[in-house]
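Colleague: As you go down the protein sequences, you meet chains A and B in turn. FYI, in this note's numbering the residues of the first sequence are 724 to 836. FYI, in this note's numbering the residues of the second sequence are 161 to 271.
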Amino acid sequence: SAVISQKPSRDICQRGTSLTIQCQVDSQVTMMFWYRQQPGQSLTLIATANQGSEATYESGFVIDKFPISRPNLTFSTLTVSNMSPEDSSIYLCSTRQGDQPQHFGDGTRLSIL
Amino acid sequence: GENVEQHPSTLSVQEGDSAVIKCTYSDSASNYFPWYKQELGKRPQLIIDIRSNVGEKKDQRIAVTLNKTAKHFSLHITETQPEDSAVYFCAKSGGSYIPTFGRGTSLIVHP
Numbered sequence: 724s725a726v727i728s729q730k731p732s733r734d735i736c737q738r739g740t741s742l743t744i745q746c747q748v749d750s751q752v753t754m755m756f757w758y759r760q761q762p763g764q765s766l767t768l769i770a771t772a773n774q775g776s777e778a779t780y781e782s783g784f785v786i787d788k789f790p791i792s793r794p795n796l797t798f799s800t801l802t803v804s805n806m807s808p809e810d811s812s813i814y815l816c817s818t819r820q821g822d823q824p825q826h827f828g829d830g831t832r833l834s835i836l
Numbered sequence: 161g162e163n164v165e166q167h168p169s170t171l172s173v174q175e176g177d178s179a180v181i182k183c184t185y186s187d188s189a190s191n192y193f194p195w196y197k198q199e200l201g202k203r204p205q206l207i208i209d210i211r212s213n214v215g216e217k218k219d220q221r222i223a224v225t226l227n228k229t230a231k232h233f234s235l236h237i238t239e240t241q242p243e244d245s246a247v248y249f250c251a252k253s254g255g256s257y258i259p260t261f262g263r264g265t266s267l268i269v270h271p
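1) Can you list, in chain order, the residues of the stretch 744-767 of chain A whose Cβ is nearer than 7 angstroms to any Cβ on chain B?
2) Please identify the residue among A/Q823, A/E777, A/G821 and A/F789 whose C-alpha is closest to the C-alpha of A/R759.
3) Please list, in chain order, all residues of the same chain as A/R832 whose beta carbon is under 6 angstroms from its beta carbon, the five residues on each side excluded.
4) Taking Cβ to Cβ, would you say B/L267 is nearer than 8 angstroms to B/S245?
5) Residues of chain A with a CB under 9 angstroms from the CB of B/P259: which are they?
6) Would you report the Cα separation of A/I791 and B/G176, rounded to the nearest angstrom?
7) Please classify A/S765 as buried or exposed, where buried requires at least 16 neighbouring CB atoms within 10 angstroms.
8) Who pairs with B/F233 in a beta bridge, going by DSSP?
9) Return the residue from the list B/S188, B/A223, B/K252 and B/S169 that minimises the CA-CA distance to B/T240.
10) Alpha carbon to alpha carbon, what distance is there between A/L801 and A/P731?
11) Could you pull the start and end residues of the beta strand (DSSP E) that B/D219 belongs to?
12) Keeping to the same chain, check which residues put their C-beta closer than 7 angstroms to that of A/T779; ignore five residues upstream and five downstream.
13) What does a CB cutoff of less than 8 angstroms around A/G828 pick up in its chain, not counting 5 residues either side in sequence?
14) DSSP three-state label for B/E243, please.
15) Does any C-beta atom of chain B lie closer than 8 angstroms to the C-beta of A/G830?
16) How close, in whole Å, do the beta carbons of B/Y257 and A/M806 come, if the pair is a contact with beta carbons under 8 angstroms?
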């Protein structure tokens, strides 16, 4: 299975600032996903990032708030913009190659003061 | 994708007992059903999956069953151990390959 490296692993940020989370995969994958997970909650899909096209955002998430880059088949970034305390959460990168199983990075634990 | 309902939200068992978690869905397009285990502070990890052309799959103490007609699938853990304590998520996906996750089940195994 793909090895997914996500960084930073955690950060504490001031409100109004932005943070970019990086996701690096050790093999080429077609689909990369970004999830948000609140404590004790399920995984909420933010967007699907496919190389060579604009990210597809789920209802409730917009590009201005969560811009995503996917410059190649092994890398993606998620930026959390103009952060507020409500953005405090765990952000997870995930990959899937065709109909193969989906795998997750270790996540970024984000706290906004 | 359409929702997947997962029950129960919490399951408490004694060590050695069996645990069963059930998920139901409504769309006919779903054809892949994975289960993930997430320990506290860690990533979700795939523990078993099943595709729509199979009714049951086993891996040691873990098994998954799928009833396509009734649109439900279940995770079975036998001879539970304290290290099985975690949150378990079911998921489903179809032709778009974009998974939909259940709300999760917190399994507590008491020694």
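We put the CB at the ideal spot given by N, CA and C, even for glycine. All of these numbers come straight from a predicted model, not from anything done at the bench.
Modeller: Let me spell this out:
1) If you check each beta-carbon in the stretch 744-767 of chain A against every beta-carbon of chain B, the ones closer than 7 angstroms belong to M754, S765 and L766.
2) Stepping through the first sequence from its first residue, residue 759 of chain A is reached at position 36. Taking A/R759 as reference, the option from A/Q823, A/E777, A/G821 and A/F789 with the minimal CA-CA separation is A/F789.
3) As a working note, residue 832 of chain A is residue 109 in the first sequence. Exclusion of the five residues before and after A/R832 leaves R733 and I813 as the residues of its chain whose Cβ lies within less than 6 angstroms of its Cβ.
4) Within the second sequence, residue 267 of chain B is the residue found at index 107, counting from 1. Within the second sequence, residue 245 of chain B is the residue found at index 85, counting from 1. In contact: B/L267 and B/S245 (Cβ atoms closer than 8 angstroms).
5) Locating residue 259 of chain B in the second sequence gives position 99, where the first residue counts as 1. F756, L766, L768, S817, R819 and Q825, listed in chain order.
6) To locate residue 791 of chain A, count along the first sequence from 1; it is residue 68. To locate residue 176 of chain B, count along the second sequence from 1; it is residue 16. Between the alpha carbons of A/I791 and B/G176 lies a gap of roughly 46 angstroms.
7) By 1-based counting over the first sequence, the position of residue 765 of chain A is 42. Buried, because 16 or more other Cβ atoms sit within 10 Å of the Cβ of A/S765.
8) The count along the second sequence starts at 1 and reaches residue 233 of chain B at position 73. Its beta-bridge partners are B/C183 and B/L226.
9) On the second sequence, position 80 is the one that residue 240 of chain B refers to. That would be B/A223, whose Cα lies nearest to the Cα of B/T240.
10) On the first sequence, position 8 is the one that residue 731 of chain A refers to. On the first sequence, position 78 is the one that residue 801 of chain A refers to. Using only the alpha carbons, I get a separation of about 11 angstroms.
11) As a first step, residue 219 of chain B is located in the second sequence; it is residue number 59 there, counting from the start. Note, B/D219: beta strand (DSSP E), E216 to D219.
12) Sequence index remark: in the first sequence, residue 779 of chain A carries index 56 (1-based). Cβ neighbours of A/T779 beyond the five flanking positions: A770 and T771.
13) Here residue 828 of chain A is taken as the residue at index 105 of the first sequence, counted from 1. Cβ within range, chain order: I727, S728, Q729, C746, L815, C816 and S817.
14) As a first step, residue 243 of chain B must be located in the second sequence, where it is residue number 83. B/E243 falls in the helix class under three-state DSSP.
15) Sequence index remark: in the first sequence, residue 830 of chain A carries index 107 (1-based). Chain B places a beta carbon closer than 8 angstroms to that of A/G830, counting this residue as a contact.
16) Taking the first residue of the second sequence as position 1, residue 257 of chain B is located at position 97. Taking the first residue of the first sequence as position 1, residue 806 of chain A is located at position 83. In fact, because the Cβ distance is near 31 angstroms, the residues do not count as touching under 8 angstroms.
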